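K.L.:
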């Protein structure tokens, strides 16, 4: 089995990971508000049509990880919302400044997923893996773990820096127990999970 393609289409110090190939890709983390043009330009630069970004997953609902969610939805993307994230979405407004041009995320058209059904849903996209709750940065953080050990962790505090954060330590223990070997964070370099 060949590795699932992963492209970094991020900018402004935040990584946005495009996973899969062809007409049904998944975007993990969804851009700063007011930067839709920058995202489209980055996608063009790597040879991906915006229409191929069919699904989006925010690792958490902070402005740099979900700021473009509504604009992406209006362009045809379906927003995947995990069961622990529903109540966090309305709070996005408090992180936005008027100059951000943030468009509030509407509930219509979102796909609500439980963690137990995430594996089957991802398999329907040709992505072997699952979405896991990984609190530690926020209570509603999630990570995507591919079966090959690549983990897309958003802003989960790095394990070595989470010595005083038992919630984050437990999330890392859970990822490790499930086979995580390589960390694709929201900020900073890709790194092995020792």
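In UniProt numbering, the protein residues as written are 1 to 194.
Every residue gets a Cβ at the ideal spot worked out from N, C-alpha and C, and that includes glycine.
Nothing here was measured: the structure is a model prediction, and the numbers come from that model.
Could you tell me how far apart the beta carbons of residue 29 and residue 58 are, in whole angstroms, since I believe they sit closer than 8 angstroms?
P.N.:
The Cβ separation is near 6 angstroms, so the contact holds.
K.L.:
Which residues share a DSSP beta bridge with residue 53?
P.N.:
25
K.L.:
Can you give me the start and stop residues for the alpha helix (DSSP H) that residue 74 sits inside?
P.N.:
69-74
K.L.:
Residue 21 to residue 44, Cα distance in whole Å?
P.N.:
15 angstroms
K.L.:
Would the region 81-93 and the region 161-169 be scored as touching if the rule is three or more Cβ pairs under 8 angstroms?
P.N.:
no
K.L.:
Name the two residues that bound the continuous alpha helix (DSSP H) containing residue 166.
P.N.:
166-177
K.L.:
Identify, in the order they occur along the chain, each residue of the same chain with its Cβ nearer than 6 angstroms to the Cβ of residue 105, setting aside the five sequence neighbours on each side.
P.N.:
69, 70, 89
K.L.:
Which full runs of the alpha helix (DSSP H) of 4+ residues lie inside the region 82-121, going along the chain?
P.N.:
none
K.L.:
Please list, in chain order, all residues of the same chain as residue 36 whose beta carbon is under 7 angstroms from its beta carbon, the five residues on each side excluded.
P.N.:
68, 71
K.L.:
Taking the DSSP output, what are the residues bridged to residue 151?
P.N.:
145, 183
K.L.:
Would DSSP call residue 78 helix, strand or coil?
P.N.:
Three-state result, residue 78: strand.
K.L.:
Under the assumption that residue 6 contacts residue 150 (Cβ atoms under 8 angstroms), give the Cβ distance between them as a whole number of angstroms.
P.N.:
7 angstroms
K.L.:
Please classify residue 42: does DSSP put it in a helix, a strand, or coil?
P.N.:
helix
K.L.:
Residue 127 lies in the beta strand (DSSP E); which residues open and close that run?
P.N.:
No beta strand (DSSP E) holds residue 127; DSSP gives it neither H nor E.
K.L.:
Is the beta carbon of residue 141 sitting closer than 9 angstroms to the one on residue 118?
P.N.:
No, the Cβ-Cβ distance between residue 141 and residue 118 is not below 9 angstroms.
K.L.:
Is DSSP giving residue 63 helix, strand or coil here?
P.N.:
Correct three-state label for residue 63: helix.
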